[in-house]
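Protein chains in written order, with my numbering: chain A, 272 to 507; chain B, 3 to 221.
All C-beta atoms, glycine included, are put in the ideal place defined by N, C-alpha and C.
Keep in mind the model is a prediction, meaning the values are calculated, not measured.
Here is the structure we will look at.
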Amino acid sequence: MKRKSIDIPSCDNCKNSKDFFCNLSEPEKQIISEKKGDNFYKKGQVIFYEGNHANGLFCLYDGKVKLTKLGKDGKEQIIRFSKDGDILGYRSLLSNEPYHATATAMEDSYICTISKEKFLTVIEDNPKLSFKVIQLLSKDLKGAEQHLIDVAQKSVKERIAESLLLLQTTFGYLADNRTINIQMSRSEIADMAGTTTESTIRTLAQLNEKNIIELNGKNIVINDMKELIKCSNSYD
Amino acid sequence: MSDETNDMEQENQKFELNFILNSLNSEKVELNIGETLFKEGESNDYVFFILEGSIKVLKSKWVIGITYPLEFVGITSCLSETSNYTFSSKALERSIVLKIRKMDFKNLLMKNSTFCKQIIEILCARIKLTDFKTKNYIENTSKQRLLFEILLNSKKDLEGQYFTNLLPEDFSELTGLSIRNIKKQLNELQIKNLIEINTAGVITLLEKEKMESILREKR
Numbered sequence: 272m273k274r275k276s277i278d279i280p281s282c283d284n285c286k287n288s289k290d291f292f293c294n295l296s297e298p299e300k301q302i303i304s305e306k307k308g309d310n311f312y313k314k315g316q317v318i319f320y321e322g323n324h325a326n327g328l329f330c331l332y333d334g335k336v337k338l339t340k341l342g343k344d345g346k347e348q349i350i351r352f353s354k355d356g357d358i359l360g361y362r363s364l365l366s367n368e369p370y371h372a373t374a375t376a377m378e379d380s381y382i383c384t385i386s387k388e389k390f391l392t393v394i395e396d397n398p399k400l401s402f403k404v405i406q407l408l409s410k411d412l413k414g415a416e417q418h419l420i421d422v423a424q425k426s427v428k429e430r431i432a433e434s435l436l437l438l439q440t441t442f443g444y445l446a447d448n449r450t451i452n453i454q455m456s457r458s459e460i461a462d463m464a465g466t467t468t469e470s471t472i473r474t475l476a477q478l479n480e481k482n483i484i485e486l487n488g489k490n491i492v493i494n495d496m497k498e499l500i501k502c503s504n505s506y507d
Numbered sequence: 003m004s005d006e007t008n009d010m011e012q013e014n015q016k017f018e019l020n021f022i023l024n025s026l027n028s029e030k031v032e033l034n035i036g037e038t039l040f041k042e043g044e045s046n047d048y049v050f051f052i053l054e055g056s057i058k059v060l061k062s063k064w065v066i067g068i069t070y071p072l073e074f075v076g077i078t079s080c081l082s083e084t085s086n087y088t089f090s091s092k093a094l095e096r097s098i099v100l101k102i103r104k105m106d107f108k109n110l111l112m113k114n115s116t117f118c119k120q121i122i123e124i125l126c127a128r129i130k131l132t133d134f135k136t137k138n139y140i141e142n143t144s145k146q147r148l149l150f151e152i153l154l155n156s157k158k159d160l161e162g163q164y165f166t167n168l169l170p171e172d173f174s175e176l177t178g179l180s181i182r183n184i185k186k187q188l189n190e191l192q193i194k195n196l197i198e199i200n201t202a203g204v205i206t207l208l209e210k211e212k213m214e215s216i217l218r219e220k221r
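The structure is reproduced here in structure tokens:
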């Protein structure tokens, strides 16, 4: 798992410290930092498996991670993405259950590991952090419910358009301000949208033909955001 | 964990939550069947805690789920940055809810770590269920989707028999299947002696384990 040693700073100097851990006091950040592990994961490497015993919290310092659940037929379903500053595995720690999904690095990623005991102790002693956890969970729930509605109610085209919008919202654009800042295979987009790879290829080709998007290998350029939103039939 | 242990834990939780929530200046609201609790787009000034009955949660015409006693309604809207409810909710049967002001709810979260833990548990369970429901839609046949909702929304009577009061219309909203399809599937389940439907439309689960086994089958 550990590929190379990198210079990830302590929590009080972290570039992502405005996110989850910003409510910790300096002494609390030091406690977290003390026995924090730093690991490098190559693209495609698994950080934790669905069903494994949850013994730590993972904080994504730099990179992109996808969370997937395995279906009955062995097919993966992408349920969530994580970017810089996001924490992973917290729900399993809080509910004292095994990891609910498999976390896989979508590109070379640098991840900090914080032990379960330290995380739960800091949460217990810090009401503001508990509240932040609750807000995170609430946001996750909202996302999960929206995904349920999308899968149950939307057509394949609407779901794929929605998936592209979600990717753009989560990861933003590259410097050109048009290319989504993540490379996804057609089968990964299919997993997100809950459909087949064949339907995904067909739908992306249709969107490309209408110049709503532009396909550039695994890169996807959004040419017409308004039209893409219309295709997704989004409620909000 | 056995059903009895589950019931005891639920009773303890209910007592604790009730005790905590009654310390707030909250109001008990009674709802008749079909009555709206709040509409999508309305200002999200309150969170609701279900004491009795059941509440249907909808997004446009789509039923996300049904919430039962010990559960909250409006919690995600309250904790988000939006100032409006993003869902609607209606009473599925005669219900009693505790109406809690959003600020009181948030203040309680900031001060009471026991309450925080309870909310964390509730939210974790809801996310798990929602992910499971999504998996159900993607992976399962229409029969399995219906079975899933029947099992999820059934409760135990005093004799230990599982039943549900939900109507074909409710299952149609939950599964996205037509009412005609639902009625046909229910009829087939009855013929196979997996369920029994009485004259009032109450569905009794005769072979719960067998139904769970069908649900686990691959497509």
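Subject >> 7 Å CB neighbourhood of B:Tyr70 in its chain, flanking five on each side removed >> reply: Ile52 and Ser56
**OP:** At 9 Å on the CB atoms, spell out the chain A contacts of B:Leu111, in chain order.
**Re:** Near B:Leu111 (Cβ distances below 9 Å), the residues of chain A are Pro398, Ser401, Phe402 and Ile405.
Subject >> Rounded straight-line distance, which links the Cα of A:Gln454 to that of B:Asn138 >> reply: 28 Å
Subject >> Range covered by the beta strand (DSSP E) that runs through A:Gly414 >> reply: Segment Pro398 to Gln424 is the alpha helix (DSSP H) holding A:Gly414; no beta strand (DSSP E) there.
Original post:
Would DSSP call A:Thr474 helix, strand or coil?
Top reply: helix
Original post:
For chain E, is any of its Cβ atoms less than 7 Å away from the one on A:His324?
Top reply: Checking the listed chains, one finds no chain E in this structure; the protein chains it contains are A and B.
Subject >> Coil, strand or helix - A:Asp333 by DSSP >> reply: strand
**OP:** Check whether the Cβ atoms of B:Leu33 and B:Ala93 lie closer than 7 Å to each other.
**Re:** yes
Original post:
Would A:Arg362 count as contacting chain B if we go by Cβ distances under 7 Å?
Top reply: yes
**OP:** Examine the ligand FAD and report whether any of its heavy atoms sits within less than 6 Å of the Cβ of B:Leu111.
**Re:** Because no ligand of any kind appears in the structure shown, any question about the ligand FAD cannot be addressed here.
**OP:** Let me know the secondary structure DSSP gives A:Tyr370 once reduced to three states.
**Re:** coil
Original post:
chain B beta carbons: is any one of them nearer than 7 Å to that of A:Ser409?
Top reply: Judged by the 7 Å Cβ criterion, A:Ser409 is in contact with chain B.
Original post:
Is the Cβ-Cβ distance between B:Phe224 and B:Lys101 less than 7 Å?
Top reply: For chain B, the structure presents residues 3 to 221; residue 224 of chain B sits outside this window and is missing.
**OP:** Using 10 angstroms around the beta-carbon of A:Gln301, count the other beta-carbons present and answer buried if the total reaches 16, otherwise exposed.
**Re:** exposed
**OP:** Measure the CB-CB distance between A:Met463 and A:Ser434 and report whether it falls below 7 Å.
**Re:** yes
Subject >> Rounded straight-line distance, which links the Cα of A:Lys307 to that of B:Lys63 >> reply: 47 Å
Original post:
Apart from the five residues on each side of it in sequence, which residues of its chain come closer than 7 Å, Cβ to Cβ, to A:Thr474?
Top reply: Val427, Lys428 and Ile431
**OP:** Would you check if the distance between the CB atom of A:Leu338 and the CB atom of A:Ala374 is smaller than 7 Å?
**Re:** yes
Subject >> Rounded separation between B:Thr78 and A:Lys425 - CA only >> reply: 22 Å
Original post:
Near B:Glu198, what residues of its chain come up, given a Cβ to Cβ distance below 6 Å and the 5 sequence neighbours on each side ignored?
Top reply: Thr206 and Leu208
Original post:
For A:Ser456, which residues from the same chain have a beta carbon less than 8 Å from its beta carbon, with the 5 sequence-adjacent residues on both sides left out?
Top reply: Lys489
**OP:** Identify the contact partners of B:Ile66 in chain A, using a Cβ-Cβ distance below 8 Å as the criterion.
**Re:** By Cβ distance, chain A contributes Glu416, Leu419 and Ile420.
Original post:
In chain order, what residues of the region 384–398 of chain A put their CB closer than 7 Å to some CB of chain B?
Top reply: Glu395 and Pro398
**OP:** List the residues of chain A whose Cβ lies closer than 9 Å to the Cβ of B:Ile140, in chain order.
**Re:** Gly342, Lys346, Gln348, Val422, Gly465 and Thr466
Original post:
To which residues does DSSP link B:Val204 through a beta bridge?
Top reply: Note: B:Val204 sits in no beta bridge, so no partner.
Original post:
Mapping DSSP to helix, strand and coil, what is A:Glu485?
Top reply: strand
Subject >> Integer-rounded CB distance, given that B:Leu111 should sit under 8 Å from A:Phe402 >> reply: At roughly 5 Å, the Cβ-Cβ gap stays under 8 Å, so A:Phe402 and B:Leu111 are in contact.
**OP:** Would you decide whether B:Thr132 is buried or exposed? Buried here means 16 or more other CB atoms lie within 10 Å of its CB.
**Re:** By the Cβ neighbour-count rule, B:Thr132 is buried, with 16 or more other Cβ atoms within 10 Å of its own.
Subject >> Assigned exposure category for A:Lys273 - 16 Cβ within 10 Å defines buried >> reply: Unreliable positioning characterises A:Lys273 in this predicted model, as indicated by a pLDDT of 47, which lies under 50. A coordinate reading is not provided.
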